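Trainee:
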Amino acid sequence: ATEKKSQEENKKAPIHVCEYKQRQRTNDQRQEGIIRLAVDEASDRIISFDDQIRGKVEFKQSLLGDFAIARSVDDPLYHFAVVVDDADMNITHVLRGEDHISNTPKQILIYEALGLNIPVFAHLPLMLAPDRSKLSKRHGDTSALAYKKDYLSEAMINFLGCLSHTFSKEIISKEEMIQEFELSKVHKSGAIFDIKKLNWINSQYIKSLSASKLISLTAEEIPEKAIPLITERLEKLTDINNYDYFWKNPDYNKDLLKWKKATLEESLSALKEVKDILEKIEFIRENLQKTLDGLGEKLKDRGLAYWPLRMALTGREKSPDPIDIALVLGKQKTLERIINAFK
4 ATEKKSQEEN KKAPIHVCEY KQRQRTNDQR QEGIIRLAVD EASDRIISFD DQIRGKVEFK
64 QSLLGDFAIA RSVDDPLYHF AVVVDDADMN ITHVLRGEDH ISNTPKQILI YEALGLNIPV
124 FAHLPLMLAP DRSKLSKRHG DTSALAYKKD YLSEAMINFL GCLSHTFSKE IISKEEMIQE
184 FELSKVHKSG AIFDIKKLNW INSQYIKSLS ASKLISLTAE EIPEKAIPLI TERLEKLTDI
244 NNYDYFWKNP DYNKDLLKWK KATLEESLSA LKEVKDILEK IEFIRENLQK TLDGLGEKLK
304 DRGLAYWPLR MALTGREKSP DPIDIALVLG KQKTLERIIN AFK
């Protein structure tokens, strides 16, 4: 505390010079004291390294102090442990976050003290929140498991790989990224975790899924004819729940059948006309289109023909074209849902 106060008063860098540097310790003190690396604070040496992303980085040795490397002989601290571990595994390149840049000169001194080869360093930009602050739990759950239910692994790899590196295309496979990756092309500035971009990338991968793969991922009994209608609208896998009317009867407030420009009675009357016509015609796209468009002209309101049918079939205000939905459901189920709307 006295050392720190003196440094603050004299406007010097806050470093610690071990008090035992110039005098001997007793055996008891050797057993109890923290182990530090003796650094020559009087040296004018500049410790430098060529960062593969940021270029030449320099630190004054005199500003490092005698930093701790172990609590005891049996309890090494981070700086010492990481150097020994990397050397033991023959690590040649150390890629890590830019928040480790200030650790590098200390670790270089440890490499030198142990007579080890110094690896190549590259410090990656940190992932940032949309407000450019460091991404943290206050920005929501950002663990891998939290994203697993919504995002395909291929999409997440694509998204993360492109955060700080420019590739030849936005939708790119892991294998293609490996082929194109160059440390020299990694951006220096922090990468924004843009959830909208992640959703878009995920939607592109979802569109390419086979019917069997989508069904296995969602564990839903999706009619095969509905899959193209669903996948072109999905951003996240859990969005599939917005389209459950394709495989189960919708549950909704009957007041939603009311078209905004008509009364509930008028809306139900229009729906009954649709039902009466559908019962008599061949159930094909051309006939359905003529039925609804013709009714819209008769009522002088296209929405009055389409809206009640949309709600009867889906129970949702937003959905694919009611004609597409009816063709997936088939004539029998379509009529059953229209009849249920009147109950």
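Heads up, the sequence shown is in my numbering, so the first residue is 4 and it goes up one at a time. Glycine included, each C-beta is placed from N, C-alpha and C at the ideal position. Predicted model, so just to flag it, every value in this text is computed and none were measured.
Given a cut-off of 8 angstroms on the beta-carbon distance, is the pair residue 193 and residue 99 in contact?
Mentor: Cβ atoms of residue 193 and residue 99: not closer than 8 angstroms.
Trainee: Check whether the segment 236 to 245 touches the segment 153 to 163, taking contact to mean three or more Cβ pairs, one atom from each stretch, closer than 8 angstroms.
Mentor: Short answer: they touch.
Trainee: Going by C-alpha distance, which of 69, 92, 251, 210 is nearest residue 235?
Mentor: When each option's Cα is compared against that of residue 235, the closest is 210.
Trainee: Find the nearest neighbour of residue 265 within the set 112, 302, 225, 172, judged by alpha-carbon distance.
Mentor: Comparing Cα-Cα distances from residue 265 to each of 112, 302, 225, 172, the minimum goes to 302.
Trainee: Distance check for residue 180 and residue 73, CA to CA, integer angstroms please.
Mentor: Cα to Cα, the separation comes out at about 40 angstroms.
Trainee: Between which residues of its own chain and residue 175 is the CB-CB distance below 7 angstroms, once the five residues before and five after are set aside?
Mentor: Within the same chain, residue 175 has close Cβ partners 161.
Trainee: Between residue 157 and the rest of its own chain, which residues show a CB-CB distance below 6 angstroms, the 5 nearest in sequence each way excluded?
Mentor: For residue 157, where only same-chain residues beyond five positions count, the Cβ hits under 6 angstroms are 208.
Trainee: For residue 149, name the three-state secondary structure that DSSP assigns.
Mentor: In the structure shown, residue 149 sits in a helix (DSSP, three-state: H, G or I).
Trainee: Output yes or no for whether 8 angstroms exceeds the beta carbon distance between residue 110 and residue 86.
Mentor: Result yes, Cβ atoms of residue 110 and residue 86 sit closer than 8 angstroms.
Trainee: Going by C-alpha distance, which of 310, 288, 289, 96 is nearest residue 272?
Mentor: Closest by alpha carbon: 310.
Trainee: Would you report the Cα separation of residue 59 and residue 204, rounded to the nearest angstrom?
Mentor: Going from the Cα of residue 59 to the Cα of residue 204 covers about 35 angstroms.
Trainee: So, residue 225 versus residue 217, is the Cβ gap smaller than 8 angstroms?
Mentor: Taking 8 angstroms as the Cβ cut-off, residue 225 and residue 217 qualify as a contacting pair.
Trainee: Using the DSSP secondary-structure output, state which residues sit across from residue 130 in a beta bridge.
Mentor: According to DSSP, which records beta bridges pairwise, residue 130 is partnered with 194.
Trainee: Just the C-alpha distance for residue 284 and residue 294, rounded to the nearest angstrom, thanks.
Mentor: Rounded to whole angstroms, residue 284 to residue 294 spans 9 angstroms at the Cα level.
Trainee: Since I believe residue 178 is in contact with residue 170 (beta carbons under 8 angstroms), could you give me their beta-carbon distance rounded to a whole number of angstroms?
Mentor: Not really, about 12 angstroms apart at Cβ, beyond 8 angstroms.
Trainee: How far does the beta strand (DSSP E) with residue 61 in it reach, from first residue to last?
Mentor: 58 to 63 is the extent of the beta strand (DSSP E) around residue 61.
Trainee: Under 8 angstroms between the Cβ atoms of residue 90 and residue 119?
Mentor: A contact, by the Cβ cut-off of 8 angstroms.
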